[in-house]
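Protein sequences, first through last, are from chains U and W. Under the working numbering, the letters of the first sequence match residues 81 to 200, in that order. Under the working numbering, the letters of the second sequence match residues 81 to 200, in that order. Virtual Cβ for every residue (Gly too), placed ideally from N, Cα, C. Data block below; observations after.
Number of protein chains: 2
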Amino acid sequence: MDEQERMEQGTGEILHPDLISSVNQDMPDEEMLYDLAELFRIFGDSTRIKILYVLFEAEMCVCDIAELLHMTQSAISHQLRVLKQSKLVKFRREGKTIYYSLADDHVRTIIGMGMEHLCE
Amino acid sequence: MDEQERMEQGTGEILHPDLISSVNQDMPDEEMLYDLAELFRIFGDSTRIKILYVLFEAEMCVCDIAELLHMTQSAISHQLRVLKQSKLVKFRREGKTIYYSLADDHVRTIIGMGMEHLCE
DNA sequence: ATATCATATGAACAGATGTTCAAATGAAAG
DNA sequence: CTTTCATTTGAACATCTGTTCATATGATAT
Numbered sequence: 081m082d083e084q085e086r087m088e089q090g091t092g093e094i095l096h097p098d099l100i101s102s103v104n105q106d107m108p109d110e111e112m113l114y115d116l117a118e119l120f121r122i123f124g125d126s127t128r129i130k131i132l133y134v135l136f137e138a139e140m141c142v143c144d145i146a147e148l149l150h151m152t153q154s155a156i157s158h159q160l161r162v163l164k165q166s167k168l169v170k171f172r173r174e175g176k177t178i179y180y181s182l183a184d185d186h187v188r189t190i191i192g193m194g195m196e197h198l199c200e
Numbered sequence: 081m082d083e084q085e086r087m088e089q090g091t092g093e094i095l096h097p098d099l100i101s102s103v104n105q106d107m108p109d110e111e112m113l114y115d116l117a118e119l120f121r122i123f124g125d126s127t128r129i130k131i132l133y134v135l136f137e138a139e140m141c142v143c144d145i146a147e148l149l150h151m152t153q154s155a156i157s158h159q160l161r162v163l164k165q166s167k168l169v170k171f172r173r174e175g176k177t178i179y180y181s182l183a184d185d186h187v188r189t190i191i192g193m194g195m196e197h198l199c200e
């Protein structure tokens with residue numbers, strides 16, 4: 081009844097009201113979905129993917145990563161900051177240099193999933 | 081020798097030359113890493129994540145999705161185009177309406193991985 | 001202290017991205 | 001054919017994002 085009335089009100093946009101309310105109940109809350117998108121957004125940049133891939137192999141300092149990727153040390157530092165904020169990498173200081181490494185194995189798994197999807 | 085010379089040439093940026101060349105060999109090619117980033121970039125938007133999540137439950141037409149997400153039908157259509165191009169969703173026509181659904185189970189797995197990472 | 005080196009940071013700029021609006025398909029019904 | 005409805009499309013616009021450049025930390029060595 082409600083839905084039928086709305087359908088006649090002018091917009092006339094609702095085709096399957098029952099389906100809509102059913103799906104609506106099973107949706108995670110807005111915030112969770114936002115956080116999820118935000119997580120993937122971090123992986124959605126070549127430079128950051130490369131940095132993470134490099135750290136697959138070994139912990140490494142900023143200038144080494146910059147050299148490896150043929151990029152400015154500043155650019156790398158900015159991106160490491162993003163990765164740090166998302167808890168995807170961690171770091172330790174040793175004198176003047178700072179060594180970065182993967183925060184945990186989730187990074188490997190997620191990137192692995194992506195690779196699998198591509199290779200098909 | 082080579083590396084030492086370069087270190088003294090001026091920039092003085094290379095700290096661990098051996099590590100660099102070792103890691104360099106194990107890196108996937110540029111294009112693969114770019115595609116990988118591109119794939120994740122698709123997941124890195126709230127609207128697209130929501131659309132995918134909705135399609136977890138059932139195939140659905142454009143105006144239903146728009147209604148469900150409280151968004152313009154045009155905005156949804158634009159995003160479905162992106163998802164279509166990335167082969168993440170497929171569609172079938174039935175008269176005037178077009179029904180979209182997930183292309184395969186990889187989408188579920190990848191989003192599942194992201195969720196797992198968040199819930200820790 | 002001063003110099004040097006590794007890294008971080010802030011402002012600025014160019015390029016990418018998402019939504020909106022208006023208009024165009026494309027299929028069914030009158 | 002014309003109308004209606006679901007969807008697509010293109011241009012315009014505002015916002016976001018990544019890199020660069022110049023400068024600031026912060027630690028070591030002289």
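Inter-residue CB distance, residue i and residue j (contact presumed, cutoff 8 Å)
{"i": "U:Val142", "j": "U:Ile156", "result": "6 Å"}
{"i": "W:Val162", "j": "W:Ala183", "result": "With a Cβ gap of about 13 Å, W:Val162 and W:Ala183 do not count as contacting."}
{"i": "W:Thr127", "j": "W:Leu160", "result": "W:Thr127 to W:Leu160, Cβ: 10 Å. No contact."}
{"i": "W:Ser211", "j": "W:Leu135", "result": "Summary: the structure shown does not reach residue 211 of chain W, with chain W confined to residues 81 through 200, and so no result is reported for it."}
{"i": "U:Leu198", "j": "W:Leu119", "result": "6 Å"}
{"i": "W:Met193", "j": "U:Met193", "result": "5 Å"}
{"i": "W:Ile122", "j": "W:Ser166", "result": "5 Å"}
Below-8 Å beta-carbon distance, residue i vs any chain W residue
{"i": "U:His197", "result": "yes"}
{"i": "U:Leu163", "result": "no"}
{"i": "U:Gly175", "result": "no"}
{"i": "U:Ser157", "result": "no"}
{"i": "U:Arg172", "result": "no"}
{"i": "U:Arg188", "result": "no"}
{"i": "U:Ile129", "result": "yes"}
{"i": "U:Leu95", "result": "yes"}
{"i": "U:Leu160", "result": "no"}
{"i": "U:Asp185", "result": "no"}
{"i": "U:Met81", "result": "Per-residue confidence for U:Met81 stands at a pLDDT of 33, beneath the threshold of 50, marking its modelled position as unreliable; the derived number appears in the next sentence. So no, U:Met81 is outside the interface."}
Range covered by the beta strand (DSSP E) that runs through residue i
{"i": "U:Glu174", "result": "Val169 to Glu174"}
{"i": "U:Leu182", "result": "Thr177 to Leu182"}
Start and end residues, alpha helix (DSSP H) containing residue i
{"i": "U:Thr127", "result": "Ser126 to Glu137"}
{"i": "W:Leu113", "result": "Glu110 to Phe123"}
{"i": "W:Ser166", "result": "Run containing W:Ser166: none; DSSP gives neither H nor E here."}
{"i": "U:His197", "result": "His186 to Leu198"}
{"i": "W:Leu149", "result": "Val142 to Leu149"}
{"i": "W:Leu95", "result": "From DSSP, W:Leu95 is part of no alpha helix (DSSP H); its letter is neither H nor E."}
Cβ shell of residue i (< 7 Å), same chain only, five flanking positions each side left out
{"i": "U:Val187", "result": "Leu132 and Leu168"}
{"i": "W:Asp82", "result": "Below a pLDDT of 50, predicted positions are generally treated as unreliable, and W:Asp82, at 35, falls in that range; no measurement from the model is reported."}
Nearest to residue i (by Cα), restricted to the options the options
{"i": "W:Val103", "options": "U:Glu111, U:Met195, U:Val103 and U:Glu139", "result": "U:Glu139"}
{"i": "U:Asp144", "options": "W:Pro97, W:Glu111, W:Asp185 and W:Met107", "result": "W:Pro97"}
{"i": "U:Asp77", "options": "U:Ile178, U:Tyr179 and U:Glu137", "result": "Because chain U is modelled from 81 through 200, residue 77 of chain U falls outside the range shown and cannot be assessed."}
{"i": "W:Tyr179", "options": "W:Lys164, W:Ile191 and W:Gln105", "result": "W:Lys164"}
8 Å Cβ cutoff, residue i in contact with chain U
{"i": "W:Ser181", "result": "no"}
{"i": "W:His150", "result": "no"}
{"i": "W:Asp115", "result": "yes"}
{"i": "W:Ser154", "result": "no"}
{"i": "W:Gln89", "result": "Confidence at W:Gln89 is low in this model, with a pLDDT of 33, below 50, so the placement of that residue is unreliable and no value is reported for it."}
{"i": "W:Glu111", "result": "no"}
{"i": "W:Leu99", "result": "yes"}
{"i": "W:Val134", "result": "yes"}
{"i": "W:Gln84", "result": "The predicted model places W:Gln84 with a pLDDT of 36, which falls under 50 and marks its position as unreliable, so this point remains unresolved."}
{"i": "W:Val169", "result": "no"}
Residues of its chain near residue i, where Cβ-Cβ distance is below 8 Å and the 5 sequence neighbours each way are ignored
{"i": "U:Asp125", "result": "Gln159"}
{"i": "U:Gln153", "result": "Val142, Cys143 and Ala146"}
{"i": "W:Ile190", "result": "Phe123"}
Residues near residue i in its chain [Cβ-Cβ closer than 6 Å; skip 5 each side]
{"i": "U:Arg172", "result": "Tyr179"}
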